[in-house]
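Everything on this sheet refers to the single structure shown next.
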Amino acid sequence: MKISAKTQNIIYGVIIGISVLAMIILCAGYFKDKKTDDTVKEIPQTAVLKPKEDKVKVTIDTKIIEEGLDDMGFLVTQEYYFTQVETYTKEKKVLKFFDATSELAYSYEGSVTAGVDFERIKIRKDDENKVIRVEVPKAEIQTVIIDKDSFKTYSEKESMWNKLDMSDFNSSLSEFEKAAKDKALENGILDRAQERAEELVYNFVSKYQGVSQYKVICE
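Last residue of the sequence shown? That's 219 in my numbering, and every number before it is there in order.
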């Protein structure tokens, strides 16, 4: 069957039209997909993580602190230096009728020390109330020293019937020590020694790691 030229032209036109329509549909789909892809790319894909806070728990071992204080032993925290002027009098009856008196005015120097026995310190920790209690023993006199080389004589009155005997004079050294101790106590040596000891203990305990979270009380 022979197709006329007019019919062939119509068929060619239809085929071209279908081809053009197909190309239009394909292009429309391509640009739609590309637009969708571009939109997706604008969405942030990186998640931001919250920084993790590390919490370190510090345990305070009061036994270690006590051992550190024990190493100090008896710590002298206050010293009292003095120069004392005394008069030594020696009396004697001669033949039961008159007194023979000899006197010696002199001075001497010495020192009195006081402190606290750190080996007796006890520590108690109250985790609930965040308190560390330090039991500091009472201060006490440690030494009383009389410097024998410091003795000086200012005046002397000696009876021929009652000679001064240095052995008698030396026997009163224990009395000098007692007088020096009493004088130091009157001047508040123990109070100052206690105050200084508690200050040292407070500073020593406070330096340990984690203690800053507690209130340190010396009692």
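Every residue gets a Cβ at the ideal spot worked out from N, C-alpha and C, and that includes glycine.
Cβ-based neighbour list, residue i, same chain, cut-off 6 Å, excluding 5 preceding and 5 following
| i | result |
| --- | --- |
| T77 | G115, A193, R196, A197 |
| R120 | P137 |
Rounded straight-line distance, which links the Cα of residue j to that of residue i
| i | j | result |
| --- | --- | --- |
| L173 | K63 | 44 Å |
| V134 | T113 | 23 Å |
| E222 | E186 | As displayed, the chain neither begins before 1 nor continues past 219, which places residue 222 out of reach and without an answer. |
| G110 | Q209 | 42 Å |
| L69 | Y80 | 24 Å |
| E199 | T89 | 45 Å |
| L190 | K148 | 25 Å |
| E66 | K207 | 13 Å |
| M72 | F151 | 34 Å |
| T101 | I146 | 26 Å |
| F82 | E128 | 49 Å |
| A139 | G188 | 11 Å |
Close Cβ partners of residue i (< 8 Å) along its chain, the five nearest in sequence each way excluded
| i | result |
| --- | --- |
| I132 | I60, T62, I123, R124, K125, D126, V205, V211, Y214, K215, V216, I217 |
| Q84 | S107, Y108, E109, G110, F176, A179, A180, K183 |
Assigned secondary structure, residue i (DSSP; H/G/I helix, E/B strand, else coil)
| i | result |
| --- | --- |
| I145 | strand |
| S114 | Going by the sequence as given, residue 114 is Ala instead of Ser. Residue state, collapsed to three classes: strand. |
| A197 | helix |
| K125 | strand |
| I60 | coil |
| V85 | strand |
| Q78 | strand |
| V131 | strand |
| A180 | helix |
| E219 | coil |
| Y106 | strand |
| Y208 | coil |
| Y154 | strand |
| N203 | helix |
Same chain, Cβ closer than 7 Å to residue i, five either side skipped, listed in chain order
| i | result |
| --- | --- |
| K181 | V112, I141, V144 |
| Y202 | V216, C218 |
| D117 | F74, P137 |
| K130 | Q213, Y214, K215 |
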